[in-house]
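Those protein sequence lines, which keep their order, are chains A and B. Residue numbers for the first sequence follow this note's numbering, so the first one is 1 and each next one is one higher. Residue numbers for the second sequence follow this note's numbering, so the first one is 1001 and each next one is one higher. To start, the structure under review is shown below, and the notes come after it.
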Amino acid sequence: GAVVSQHPSRVICKSGTSVKIECRSLDFQATTMFWYRQFPKQSLMLMATSNEGSKATYEQGVEKDKFLINHASLTLSTLTVTSAHPEDSSFYICSARATLDFTNTEAFFGQGTRLTVV
Amino acid sequence: DQQVKQNSPSLSVQEGRISILNCDYTNSMFDYFLWYKKYPAEGPTFLISISSIKDKNEDGRFTVFLNKSAKHLSLHIVPSQPGDSAVYFCAASLNNAGNMLTFGGGTRLMVKP
């Protein structure tokens, strides 16, 4: 299957700082990438849909000024958690959909990023 | 409103026996369903999927059954192996939403040797 690489896999930052998480599709072009968040013992929750060359679409309740998403190329989307707080500590996962793939297939997921804000 | 639900948070099964994980959904517009396996601190790994036009899909030890009238699907793993121990998520998508997925809450499967 296709490979999606997420970096870093683990990051610890201080409150008030910003953290950038990268999501790359390694062997295919992704017009659309999705960012999910998982709290301990809870399900994956969609945060936003990232479309190459346009603004991201955020789910209800997700602060777009806090979670900045940039999808500058067909192989890279970034999620920046700005002015991080301890409650932002979570597991963030991206997934990607291949260009011109209009059929429903499995979503390709990155390996996730564990963010801890201290 | 949780559109995809997995009512059993955990399941314990003896090695070699069948594991049955259940998933219910409320949105009748969902037409594609997937099962993922997830280990702690890792991204979900795709297992098997099923389109709403089918009621069964089989891949090796994994079989997914879909009952559209009941809005219910299940994942059968047989025979279960200790390496199957993980959290299993079912997910659903709408035809026009590409791979935007709505996940269930997950079921932790423990397969005992």
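We put the beta carbon where it would ideally sit given N, CA and C, even for glycine. All values derive from a computational prediction rather than experimental measurement.
Please list the partners that residue i has in chain A, where partner means a Cβ-to-Cβ separation under 7 Å.
i	result
G1104 (chain B)	S43
M1100 (chain B)	F34, L46 and T49
When you compare only the Cα positions, how much space is there between residue i and residue j?
i	j	result
T1063 (chain B)	Q1006 (chain B)	17 Å
E1058 (chain B)	S15 (chain A)	48 Å
N104 (chain A)	Y1032 (chain B)	Because the pLDDT of N104 (chain A) is 48, which lies under 50, any placement of that residue in the model is unreliable, and the question is left without a value.
H1076 (chain B)	S1028 (chain B)	23 Å
F1089 (chain B)	C94 (chain A)	16 Å
R1017 (chain B)	H71 (chain A)	46 Å
Y121 (chain A)	R114 (chain A)	Beyond the ends of chain A as shown, which are 1 and 118, falls residue 121 (chain A); an answer cannot be given.
G112 (chain A)	G1060 (chain B)	27 Å
K20 (chain A)	T1107 (chain B)	31 Å
G1104 (chain B)	T17 (chain A)	32 Å
L1094 (chain B)	K55 (chain A)	22 Å
L79 (chain A)	Y58 (chain A)	12 Å
T82 (chain A)	L1034 (chain B)	33 Å
L1101 (chain B)	Q42 (chain A)	15 Å
F102 (chain A)	K64 (chain A)	With a pLDDT of 47 at F102 (chain A), under the threshold of 50, the modelled position of that residue is not reliable, and the figure given next carries that caveat. Each residue's alpha carbon lies about 27 Å from the other.
S1052 (chain B)	I1020 (chain B)	20 Å
Q38 (chain A)	G110 (chain A)	13 Å
V1111 (chain B)	L1011 (chain B)	8 Å
D1055 (chain B)	V4 (chain A)	30 Å
L1066 (chain B)	T32 (chain A)	28 Å
What residues of chain B sit near residue i, judged by a beta carbon separation below 7 Å?
i	result
F109 (chain A)	G1043 and P1044
Who are the neighbours of residue i on chain B, taking C-beta pairs under 8 Å?
i	result
I93 (chain A)	G1043 and P1044
R37 (chain A)	None at all; the shortest Cβ gap to chain B is about 11 Å.
R24 (chain A)	Per Cβ cutoff of 8 Å: no residues; R24 (chain A) is ~13 Å from chain B at best.
Discussion item. Counting only Cβ-Cβ distances shorter than 8 Å, please list the residues of the region 1041-1062 of chain B near chain A, keeping chain order.
Written reply: Residues A1041, E1042, G1043, P1044, T1045, F1046, S1049 and S1051.
Inter-stretch contact (C-beta, 8 Å, three-pair minimum) for the region 1079-1086 of chain B and the region 45-61 of chain A: No: the two stretches stay apart, fewer than three of their Cβ pairs being nearer than 8 Å.
Inset, instruction - Determine which residues of the region 51-81 of chain A have a Cβ less than 7 Å from any Cβ of chain B, and write them out in chain order. - result: Against chain B - using a Cβ distance shorter than 7 Å - the region 51-81 of chain A contributes no residues.
* Asked: Along the region 1018-1039 of chain B, what residues have a CB closer than 7 Å to any CB found in chain A?
  -> The region 1018-1039 of chain B vs chain A, Cβ under 7 Å: Y1032 and L1034.
* Taking only beta carbons into account, state which residues of the region 1081-1094 of chain B come closer than 7 Å to chain A, listed in chain order. => Contacts with chain A (Cβ-Cβ distance below 7 Å) from the region 1081-1094 of chain B involve F1089 and S1093, listed in chain order.
Exercise for review: Take every Cβ of the region 1019-1027 of chain B, pair it with every Cβ of the region 1038-1052 of chain B, and state whether three or more of those distances are shorter than 8 Å.
Suggested key: The region 1019-1027 of chain B vs the region 1038-1052 of chain B: no contact.
Contact residues within the region 4-22 of chain A, judged by C-beta distance below 9 Å to chain B: Cβ contacts with chain B: V4, Q6, S9 and R10.
**Q.** Ranges of the beta strand (DSSP E) found wholly within the region 8-48 of chain A, counting only runs of at least 3
**A.** Within the region 8-48 of chain A, the complete beta strand (DSSP E) runs of at least 3 residues are 10-13, 19-25 and 30-38.
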